[in-house]
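Numbering (my numbering), first residue to last: 12 to 107.
Where a beta carbon is used, it is the ideal one built from N, C-alpha and C, also for glycine.
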């Protein structure tokens, strides 16, 4: 009977240690999951903020203003437009 009690005691101890280890691992993984979820939410808000900034930077008025100020460009008008005409090659000398 003593041998059976000793085997059962060892089995209960191993079972308890396994349960403690499993709970610890479960908690550790849950904390890691929460950290990852928080990082995901932060990255999502950053992405949305950057998209809003990108849209604000690409407005036609802003592009036109930068092209005038930094690049010294001006609006194309018919008065400053130069049209180029290509000569038609003779009938026998066309492209292959």
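Which first and last residues belong to the alpha helix (DSSP H) in which residue 71 is found?
It spans 71 to 80 - the alpha helix (DSSP H) in which residue 71 sits, taken as one unbroken run.
What is the DSSP secondary structure of residue 97, reduced to helix, strand or coil?
coil
Considering just the uninterrupted stretch of the alpha helix (DSSP H) at residue 38, what are its terminal residues?
13 to 68
If you measure between the beta carbons of residue 73 and residue 67, is that distance less than 9 Å?
yes
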